[in-house]
Amino acid sequence: IKSYKTEKVVLMIIVLAGVFFRFYHYTGFSLSNDELSAVNRLHFSNISELINKGAGPMVTPGTKAFGLSPASIRFPFVLISSFAPFFGFLFVRKIFGSAPALFTAVALAFSGFPVLYGQIARPYGIGLSFTLLTAWLWSEVVFSVEKNKTGKVIT
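Numbers in our numbering are just positions in the sequence shown, counted from 1, shifted up by 397.
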(Lines of atoms letter the chains of each structure in order from A and count residues from 1; the text may use other names and numbers.)
(Lines give C-alpha, C1' and ligand atoms only; values in the text may rest on other atoms or scores of the structure.)
Protein backbone atom coordinates (compact mmCIF):
# COMPACT_ATOMS: atom_id res chain seq x y z
CA ILE A 1 0.00 0.00 0.00
CA LYS A 2 1.44 3.34 -1.02
CA SER A 3 0.07 5.53 1.73
CA TYR A 4 -1.24 5.20 5.24
CA LYS A 5 -4.49 6.94 4.26
CA THR A 6 -5.14 4.46 1.44
CA GLU A 7 -4.44 1.59 3.82
CA LYS A 8 -6.99 2.94 6.30
CA VAL A 9 -9.66 3.31 3.60
CA VAL A 10 -9.08 -0.21 2.27
CA LEU A 11 -9.13 -1.62 5.81
CA MET A 12 -12.37 0.22 6.60
CA ILE A 13 -14.01 -1.24 3.47
CA ILE A 14 -12.83 -4.75 4.39
CA VAL A 15 -14.02 -4.46 8.00
CA LEU A 16 -17.41 -3.04 6.99
CA ALA A 17 -17.83 -5.86 4.47
CA GLY A 18 -16.97 -8.34 7.23
CA VAL A 19 -19.57 -6.76 9.51
CA PHE A 20 -22.13 -6.91 6.70
CA PHE A 21 -21.49 -10.59 6.03
CA ARG A 22 -21.73 -11.45 9.72
CA PHE A 23 -24.99 -9.58 10.23
CA TYR A 24 -26.51 -10.53 6.89
CA HIS A 25 -29.27 -13.05 7.52
CA TYR A 26 -27.84 -14.13 10.89
CA THR A 27 -31.38 -14.88 12.09
CA GLY A 28 -32.33 -16.72 8.90
CA PHE A 29 -31.68 -20.15 10.33
CA SER A 30 -33.13 -21.67 13.47
CA LEU A 31 -31.19 -22.08 16.69
CA SER A 32 -29.00 -25.16 16.71
CA ASN A 33 -29.24 -27.81 19.41
CA ASP A 34 -25.96 -26.52 20.80
CA GLU A 35 -27.36 -22.99 21.11
CA LEU A 36 -30.63 -24.24 22.60
CA SER A 37 -28.70 -26.29 25.15
CA ALA A 38 -26.78 -23.18 26.25
CA VAL A 39 -30.00 -21.15 26.53
CA ASN A 40 -31.66 -23.94 28.54
CA ARG A 41 -28.86 -23.73 31.12
CA LEU A 42 -29.68 -20.08 31.88
CA HIS A 43 -32.55 -20.59 34.30
CA PHE A 44 -31.18 -20.04 37.81
CA SER A 45 -33.13 -18.87 40.85
CA ASN A 46 -30.21 -17.54 42.92
CA ILE A 47 -26.54 -16.59 42.70
CA SER A 48 -25.38 -19.89 44.21
CA GLU A 49 -27.06 -21.88 41.41
CA LEU A 50 -25.59 -19.54 38.83
CA ILE A 51 -22.06 -20.13 40.15
CA ASN A 52 -22.45 -23.87 40.68
CA LYS A 53 -24.39 -24.75 37.52
CA GLY A 54 -23.70 -21.88 35.14
CA ALA A 55 -20.06 -20.97 35.58
CA GLY A 56 -18.73 -24.21 34.12
CA PRO A 57 -20.86 -24.59 30.99
CA MET A 58 -20.88 -21.92 28.31
CA VAL A 59 -23.98 -19.75 28.66
CA THR A 60 -25.44 -17.09 26.41
CA PRO A 61 -25.24 -13.57 27.88
CA GLY A 62 -28.08 -11.09 27.95
CA THR A 63 -31.05 -13.36 27.29
CA LYS A 64 -33.01 -12.15 30.31
CA ALA A 65 -32.58 -8.52 29.24
CA PHE A 66 -33.17 -8.95 25.51
CA GLY A 67 -35.35 -12.05 25.14
CA LEU A 68 -35.01 -15.47 23.58
CA SER A 69 -35.33 -14.73 19.86
CA PRO A 70 -32.51 -15.97 17.62
CA ALA A 71 -31.61 -12.32 16.89
CA SER A 72 -31.24 -11.36 20.55
CA ILE A 73 -29.37 -14.53 21.46
CA ARG A 74 -26.91 -14.27 18.58
CA PHE A 75 -26.42 -10.48 18.49
CA PRO A 76 -23.55 -10.19 21.04
CA PHE A 77 -21.67 -13.05 19.37
CA VAL A 78 -22.07 -11.55 15.90
CA LEU A 79 -21.06 -8.10 17.14
CA ILE A 80 -17.87 -9.23 18.89
CA SER A 81 -16.85 -11.58 16.07
CA SER A 82 -17.04 -8.61 13.69
CA PHE A 83 -13.84 -7.26 15.26
CA ALA A 84 -11.77 -10.29 14.15
CA PRO A 85 -10.69 -8.84 10.75
CA PHE A 86 -9.55 -5.60 12.39
CA PHE A 87 -7.60 -7.29 15.19
CA GLY A 88 -6.10 -9.76 12.71
CA PHE A 89 -4.97 -6.84 10.57
CA LEU A 90 -3.35 -5.06 13.54
CA PHE A 91 -1.53 -8.19 14.67
CA VAL A 92 -0.16 -9.17 11.26
CA ARG A 93 0.79 -5.60 10.33
CA LYS A 94 2.90 -5.28 13.47
CA ILE A 95 4.98 -8.31 12.50
CA PHE A 96 4.84 -8.64 8.69
CA GLY A 97 3.67 -5.31 7.23
CA SER A 98 0.66 -3.88 5.44
CA ALA A 99 0.13 -6.20 2.47
CA PRO A 100 -0.02 -9.46 4.50
CA ALA A 101 -2.15 -7.67 7.09
CA LEU A 102 -4.73 -6.63 4.48
CA PHE A 103 -4.75 -10.18 3.11
CA THR A 104 -5.41 -11.47 6.65
CA ALA A 105 -8.27 -8.99 7.10
CA VAL A 106 -9.80 -10.10 3.79
CA ALA A 107 -9.51 -13.76 4.76
CA LEU A 108 -11.16 -13.16 8.14
CA ALA A 109 -13.87 -10.94 6.67
CA PHE A 110 -14.90 -13.15 3.73
CA SER A 111 -14.04 -16.76 4.57
CA GLY A 112 -16.97 -18.99 5.32
CA PHE A 113 -15.68 -20.50 8.54
CA PRO A 114 -15.12 -17.26 10.53
CA VAL A 115 -18.33 -15.75 9.15
CA LEU A 116 -20.54 -18.76 9.90
CA TYR A 117 -19.12 -19.42 13.33
CA GLY A 118 -19.35 -15.71 14.09
CA GLN A 119 -23.11 -15.93 13.47
CA ILE A 120 -23.94 -18.64 15.98
CA ALA A 121 -24.26 -18.22 19.73
CA ARG A 122 -21.19 -20.22 20.66
CA PRO A 123 -17.75 -19.06 21.77
CA TYR A 124 -15.93 -19.58 18.45
CA GLY A 125 -16.24 -16.09 16.93
CA ILE A 126 -15.72 -14.37 20.26
CA GLY A 127 -12.72 -16.60 20.94
CA LEU A 128 -11.20 -15.71 17.57
CA SER A 129 -11.66 -11.99 18.19
CA PHE A 130 -10.20 -12.08 21.69
CA THR A 131 -7.33 -14.34 20.62
CA LEU A 132 -6.39 -11.91 17.85
CA LEU A 133 -6.75 -8.97 20.24
CA THR A 134 -4.47 -10.69 22.75
CA ALA A 135 -1.93 -11.58 20.04
CA TRP A 136 -1.90 -7.97 18.81
CA LEU A 137 -1.46 -6.58 22.34
CA TRP A 138 1.38 -9.03 23.02
CA SER A 139 3.02 -8.09 19.74
CA GLU A 140 2.85 -4.46 20.83
CA VAL A 141 4.76 -5.38 23.99
CA VAL A 142 7.25 -7.77 22.41
CA PHE A 143 8.03 -5.75 19.27
CA SER A 144 7.90 -2.27 20.76
CA VAL A 145 10.89 -0.08 20.06
CA GLU A 146 11.81 2.83 22.28
CA LYS A 147 13.56 5.90 20.94
CA ASN A 148 15.38 8.52 22.91
CA LYS A 149 15.01 12.26 22.27
CA THR A 150 17.49 12.16 19.38
CA GLY A 151 15.44 9.50 17.57
CA LYS A 152 17.95 6.69 18.10
CA VAL A 153 16.62 3.27 19.05
CA ILE A 154 17.21 2.23 22.66
CA THR A 155 17.82 -1.47 23.14
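Where a beta carbon is used, it is the ideal one built from N, C-alpha and C, also for glycine. Since this is a predicted model, take the numbers as computed values, not measurements.
| Check | Outcome |
| --- | --- |
| List the endpoints of the continuous alpha helix (DSSP H) containing T424. | Element bounds for T424: n/a, residue is neither H nor E. |
| Would you please state the rounded distance, in angstroms, between the beta carbons of I517 and I477? I believe it to be under 8 Å. | About 13 Å separates the two Cβ atoms, so there is no contact after all. |
| Specify the secondary structure class of L465 as computed by DSSP and reduced to three states. | coil |
| Below 9 Å between beta carbons: does that hold for F420 and S479? | yes |
| Specify the secondary structure class of I517 as computed by DSSP and reduced to three states. | coil |
| Could you name the residues of the same chain whose beta carbon sits closer than 7 Å to that of L529, not counting the 5 residues immediately before and after it, in chain order? | A481, F484, G485, F488 |
| Smallest Cα separation from V538: which of I492, L505, P520? | I492 |
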